[in-house]
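Each residue of the sequence shown is one higher than the one before, starting from 4 at the first, in this note's numbering. We put the beta carbon where it would ideally sit given N, CA and C, even for glycine.
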Amino acid sequence: MGIPLWQLREFKAQLSGIHNRLTTHFRVVVYYRGLRVHEQLVTNENGFRVHAGGAEPVMSHLQGVCLPDPSPLLDKRQAELTKRILGKLGGGLAVEVSGSSILGARLGDSKAYWSCSQFDQSRTPREVPKIETEIYNTNQFIKDLISFIENRSGSPQFCLWFCVGEKWPDPENRPWEKKLIMIEVTPISLEILKSLAVCGGASSLQSETVELQISTETSSILSLLYESMDTS
């Protein structure tokens, strides 16, 4: 995909300190048994808290992401089971940025699990604990991305997939579309970095001058990746 020049320059400014603290927005998508029911852009760079409607506000420094009422679902049994999980969600699920780490914490009684892929077939559930715990590290992503750029490994994963109320990855290898509540979290900065690595920042714009500027900005951004590894 083409990346506008202004976005490359803005992102380069953010990247200059990424080894000290991740600066990013998040795209959060909620699925009820594979059906997309909510999408939200989180612009709070501290992170966000997933909660049910009517939940008491906690961790006010995080942006709220409210899970929708499942009542409109045609499958009434599914709606009932989903409501049960939401009813025990309490303070919800916190996803917070701390330095170069993304932390997760369960704030209610409904357990939550996570993985870096919706196709995880490890059959080993990863529970989100009640105390904030690192679930993703930006520095590791940058190392993996550099390795990918140098053709030494595959493309690094950067999305987080949370399952609320059911074990995930599933012990019986059931697909993610069968889960009552799945939440896809995409750190936008990491998504842009991966796009730059894949397409080299190629633009659909026809201007040779603009294309040259984009190529220069892209090279500068990739150089910052290497610099961040030298200073981390």
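- Ranking I195, L196 and P190 by CA distance to the CA of T27 puts P190 first.
- About 5 Å separates the beta carbons of R126 and P174, which is inside the 8 Å limit, making them a contact pair.
- Put simply, the backbone Cα of R177 is about 14 Å away from that of S118.
- Pairing A55 with K146, the inter-Cα distance amounts to about 37 Å.
- Taking all protein chains in view, the Cβ of R39 is surrounded by fewer than 16 other Cβ atoms within 10 Å, so the residue is classified as exposed.
- Linking I195 to Q124 through their CA atoms gives a straight-line distance of about 27 Å.
- Looking at the DSSP output, T189 sits in a beta bridge with R30.
- N47 carries a coil assignment under DSSP once its states are collapsed to helix, strand and coil.
- Of the candidates T46, K181 and F151, K181 places its Cα closest to the Cα of Q81.
- Secondary structure at N140: strand, using DSSP grouped into helix, strand and coil.
- Taking a cut-off of 8 Å for Cβ pairs, the stretch 82–101 and the stretch 44–64 touch, as three or more such pairs fall below it.
- The residue from V131, E187, S156 and K79 with its alpha-carbon nearest to that of V68 is E187.
- Rounded to the nearest angstrom, the Cβ distance from L84 to H41 is 18 Å, too far for a contact under 8 Å.
- The alpha carbon of N142 has as its nearest neighbour, out of L44, I105 and L92, the alpha carbon of I105.
- V131 has its alpha-carbon roughly 25 Å from the corresponding atom of S158.
- Its Cα nearest to that of N154, the residue V201 stands out among V201, E59 and H64.
- In its chain, beyond the 5 residues on either side, Y34, C166 and W179 have a beta carbon closer than 6 Å to the beta carbon of M185.
- Looking at the backbone, the Cα of F161 and that of K197 are separated by about 9 Å.
- The Cβ atoms of G37 and K114 do not sit closer than 9 Å to each other.
- S103 sits buried, since 16 or more C-beta atoms from the chains shown fall within 10 Å of its C-beta.
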